[in-house]
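In the working numbering, the protein residues as written are 2 to 156.
To start, the structure under review is shown below, and the notes come after it.
Okay, structure coming up:
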């Protein structure tokens, strides 16, 4: 969807912000229960993850997901929806482990149980991240992006 580097930057910020916020709400709700405070506390506590996720998406997951998707599908030959879903799946397959590990280090430090803590959280976070990316966050962010960067109609 993004056609320029600026558009790609904006798209990445919107997507990362939305995914990090949703995942932070999800993890807080699992740990403390769901309440109206959860949504406020998520905004307050998500900024470390937001920064890490932006750089991970921009420089690791995004390029790698594009490369993996291009190995499976060919633009112009395969249906765009398949390419879109594959891109979302590959992105989550890369981002979920990276982000879960970085958050495990952030919250627990370098402890000997870090691998177990990471795997436990990854088992809980991965399915949720995949579902919200494909069915909710991805479509909403693309709608927001299309609305912001609406091409001028020729009358």
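Heads up, the beta-carbon is just placed ideally off N, CA and C, and yes, glycines get one too.
inquiry  = If contact is defined by three or more beta carbon pairs under 8 Å, each pair taking one atom from either stretch, is the segment 99-110 in contact with the segment 64-82?
reply    = no
### Task
Check whether the segment 50-63 touches the segment 13-21, taking contact to mean three or more Cβ pairs, one atom from each stretch, closer than 8 Å.
yes
query = Using DSSP with H/G/I as helix, E/B as strand and the rest coil, what is residue 3?
reply = coil
*Is there contact between the segment 64-72 and the segment 34-42, where contact requires at least three CB pairs shorter than 8 Å?*
no
message = I'd like the list of long-range same chain contacts for residue 29, defined as Cβ closer than 7 Å, with 5 residues on each side in sequence excluded.
response = 39, 42 and 43
Measuring only the C-alpha atoms, how far is residue 106 from residue 115? 7 Å
Notebook entry, point to check: For residue 101, does the count of other Cβ atoms within 10 angstroms reach 16, so buried, or fall short, so exposed?
Noted result: buried
Going by DSSP, which residues form a beta bridge with residue 79?
Within the DSSP bridge table, the entry for residue 79 names 76 as partners.
Report task. Over the uninterrupted alpha helix (DSSP H) stretch that includes residue 125, give me the two end residues. Result -> 115-133
* Does the Cβ-Cβ distance between residue 62 and residue 95 come in under 8 Å? -> Between residue 62 and residue 95, the CB-CB gap stays under 8 Å.
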